[in-house]
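Working notes, structure below.
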Amino acid sequence: MKVPKGARAGEFLPGLILPAAVLLIWILASASGLKPALIPTPQAVLSILARPFDGVIASGSIFWNCTVSIIRVLTGFTIAVLTAVPMGLLMGSSSAARRFLALSVELARPLSPLAMTPLMLVLFRSRTVVDVLGLTSLRYSHSILHEIQIGMIAVQVWGGFFPILLGAASGARSVRRIHLEVAELLGAGRAMIFRHLTLPSAIPDIMTGMRLGMGRCWMVIVASEMLPGTNAGLGYLIRYSYEIQRTDVMLAGLVVIALVGALLSHVLDRIGKRSFELRRRER
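Per our numbering, the sequence shown starts with residue 899, numbered consecutively.
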């Protein structure tokens, strides 16, 4: 049954109260006579956001830095999904695999991605995708591939891996034992049980883990981009604007970070709901 548009608006409007209050406080604070370098006006920040392709400072445009950050995150997140989901499903459906991997996972999981960032950057130094693929001779002087450092990708994988792994394992364990026994009595093989029981049951938990993993990846990439040796990305944009005291650019970067993070989470939420509906129809 479709939800009326009025009901949808009624659910959405209460969520605007807090952002509107923050905006009002911001307007009052900027109008109180404080230096623009300390608290810029909303108009100054909006003027930067309205020109995303213009070079705001020496670090480039908002669009360029945002694109670099998104590509870094999606690259690491994709690798995390491709490795964590199979491993999690294996842990959840096999007690032998769970006993073999559980201790290693519990020892590695508390290690913060932010704490791992300096180590990854030291291990991989400034090597990029261009170096790994052997494209240095092509002289992509301004290619975005030069900005995808292997160390940062490794940090993204570390940040997104464990929430996705635990979500997949939890989903695989959620299959009721009686359903497995009935399927085995009916002669279903392991592949059929996995396809029709384990995977459909695990999808909601996998998608929850993916949303958590994406959130961690997005937070980690912004923080790691603030470290020395980075020349692009939203984190670098914020750090550089801080160094030259451009608070308006800094706040514009924060707004973009919030909007992109919310958008990525929303997209994963919609994909999860859609995949769950398709699985339910197949039944």
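All residues carry an ideal CB built from backbone N, CA and C; glycine is no exception. Every value quoted in this text rests on a predicted model; they were computed, and no experiment measured them.
Helix, strand or coil, according to DSSP, for residue i in the structure here?
i: T1189; result: Residue 1189 cannot be examined here, being either before or after the span of the chain that is shown, 899 to 1181.
i: G913; result: helix
i: S959; result: strand
i: Q1143; result: coil
i: V1073; result: coil
i: T1015; result: helix
i: G953; result: strand
i: T939; result: coil
i: T1128; result: coil
i: I946; result: helix
Once you ignore the five residues that flank residue i on each side, which residues in its own chain have a CB closer than 7 Å to its CB?
i: R1137; result: M1124
i: A982; result: F1059, I1062, L1063 and A1066
i: R1109; result: S1163, L1166 and D1167
i: T939; result: S928
i: I955; result: Y1138, S1139, I1142, R1144 and V1147
i: L988; result: A995
i: P1008; result: none
i: G958; result: A1130
i: G1127; result: L1019 and S1024
i: I925; result: P940
i: D952; result: S959
i: V979; result: I1062 and M1108
i: M1112; result: F975, G1058, L1162, S1163 and L1166
For residue i, I'd like the list of residues in its chain whose CB is within less than 8 Å of its CB, leaving aside the five on either flank, ordered along the chain.
i: L947; result: I960, A1150, V1153 and V1154
i: R1023; result: G1049
i: A839; result: The shown model of the chain, from 899 to 1181, leaves out residue 839, and the question about it has no answer.
If we count the other Cβ atoms within 10 Å of its Cβ and call it buried at 16 or more, is residue i buried or exposed?
i: Q1047; result: buried
i: I1142; result: exposed
i: L911; result: exposed
i: E1175; result: exposed
i: G974; result: buried
i: P1098; result: buried
i: Q941; result: exposed
i: V920; result: exposed
i: L944; result: exposed
i: E1045; result: buried
i: R970; result: buried
i: G913; result: exposed
i: A991; result: Inspection of the sequence shows that residue 991 is occupied by Ser rather than by Ala. Burial call: buried.
i: L922; result: exposed
i: V1030; result: exposed
Could you pull out every residue in the same chain whose Cβ sits closer than 6 Å to the Cβ of residue i, ignoring the five residues on either side in sequence?
i: G1131; result: N963, V966, S967 and E1123
i: G1057; result: P1011, R1114, C1115 and V1118
query: When the Cβ atoms of the segment 1099-1119 are set against those of the segment 995-1003, are three or more pairs found closer than 8 Å?
result: no
message: Quick test of the definition: if touching needs 3 or more C-beta pairs under 8 Å, does the segment 1062-1075 touch the segment 963-974?
response: no
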